[in-house]
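Under this note's numbering, read the sequence shown as residues 216 to 457, first letter to last.
Each residue gets a CB set at the ideal place from its N, CA and C atoms; glycine is no exception.
Since this is a predicted model, take the numbers as computed values, not measurements.
Report on the structure given below.
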Amino acid sequence: MTRLSTLRSRLGDWMRFVGLSARLISGRRFWIAPLLTLLWPAFQALRLLMGWQDSAFEPSSVQTVLVGFPMIILAIGLGVRIIADEMDRRTLEIAYTVPGGAHRVWLGKLAAACGLLVAAEILLAAVTSAFFAPLTVGALYGALQGAVFYLVLSMGLAALTRSEITGALAVAVVLSLHGLFTGFGGNQLRVSPTFNPLSLTGTAPEIVVAYTLQNRIGIALAIAALTALAFARAERREKLLG
């Protein structure tokens, strides 16, 4: 019972820590952030009602258009605040005094951001399934993968440039270039964080499975590498405080 009580206590402390981290990156009403993503499906519904779109959405549109895009925008907004926000608020020195290292602060904020992304995906998935197109587990995972990739990328670029605004602009450039290279979803690249296997038409199923596995594993490794690089940059106290 003692071990169970200790585990519950630690879990409770971690949840409270993540909740406080969510307030730091999204404000006291952090729960509003996932709700804002619903403006995107509302706009898509308006397009259909006004006849601005010729046909209804296909299942292949779930990952990138209906669910993935608003999650990426939210991820960028959250990511630039994970580390760079401490610089803008002049509280970076306090973060370095946290027992165990400043990386515990970044981990808490990163976990909070991922939690907000999951909440946003649940809301978007419910609306998409009810009004637009059927869902698949693969599409939901792909949407979350793309969002988490841009979350850690924006975190790293904001830490590198030591500014939320500059980091956001840098990620916007990367996102625009990614859209140009992939034809905004028309050209599926295996190295893309938004790779969508449902958009591969006329390809043998075994090849689609192989491409998907390569992409999922590769992007997971890229996310881990970007996170490690961002934390390494943030631990260079002299550079960030200089």
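| Item | Value |
| --- | --- |
| What does the alpha-carbon distance come out to for the pair Thr381 and Gly294? | 12 Å |
| What residue does the alpha helix (DSSP H) around Ile438 start on, and which one ends it? | Pro420 to Ala449 |
| Which stretch, first to last residue, makes up the alpha helix (DSSP H) that contains Ala374? | Val352 to Thr376 |
| Measuring alpha carbon to alpha carbon, tell me which of Leu332, Val320, Trp267 and Leu355 ends up nearest Gly292. | Leu332 |
| Jot down the residue ranges of each uninterrupted beta strand (DSSP E) in the segment 271 to 297, minimum 3 residues, whole runs only, in chain order. | none |
| Are the CB atoms of Thr252 and Leu390 nearer to each other than 8 Å? | no |
| Is DSSP giving Thr217 helix, strand or coil here? | helix |
| Only counting the same chain, and skipping five residues up and downstream in sequence, which positions put a Cβ closer than 6 Å to that of Ala387? | none |
| Just checking my contact of Gly275 with Leu428 at CB under 8 Å: how many whole Å lie between their CB atoms? | The amino acid occupying residue 275 in the given sequence is Ser; Gly does not appear at that position. In fact, because the Cβ distance is near 19 Å, the residues do not count as touching under 8 Å. |
| Can you give the Cα-Cα distance for Glu336 and Leu359, rounded to whole angstroms? | 7 Å |
| Report the three-state DSSP secondary structure of Leu404 (helix, strand or coil). | coil |
| For Ala440, which of Ala237, Trp321 and Phe364 has the nearest alpha-carbon? | Phe364 |
| Just verifying my parser: in three-state terms, what is the DSSP assignment at Trp255? | helix |
| Return the CA-CA distance between Ser224 and Ser344, expressed in angstroms with no decimal places. | 38 Å |
| Can you list, in chain order, the residues of its chain whose CB lies under 8 Å from that of Tyr356, leaving out five sequence neighbours each side? | Arg431 |
| Taking only three categories from DSSP, how would you classify Ala345? | helix |
| Rounded to whole angstroms, how far is the Cβ of Lys324 from the Cβ of Ser407, which I believe are closer than 8 Å? | With 8 Å as the limit, Lys324 and Ser407 do not qualify as a contact, their Cβ atoms being about 26 Å apart. |
| Which of helix, strand or coil does DSSP assign to Ala317? | coil |
| Between Ala271, Leu375, Ile288 and Ala341, which lies nearest to Ala248 when the distance is taken from Cα to Cα? | Ile288 |
| I'd like the list of long-range same chain contacts for Gly330, defined as Cβ closer than 8 Å, with 5 residues on each side in sequence excluded. | Val233 and Ala237 |
| Using a threshold of 8 Å, state whether the C-beta atoms of Val423 and Leu436 are closer than that. | no |
| Would you say Val256 and Val342 are within 8 Å of each other, going by their C-beta atoms? | The question names Val, but residue 256 in the sequence shown is Pro. Closer than 8 Å, so yes. |
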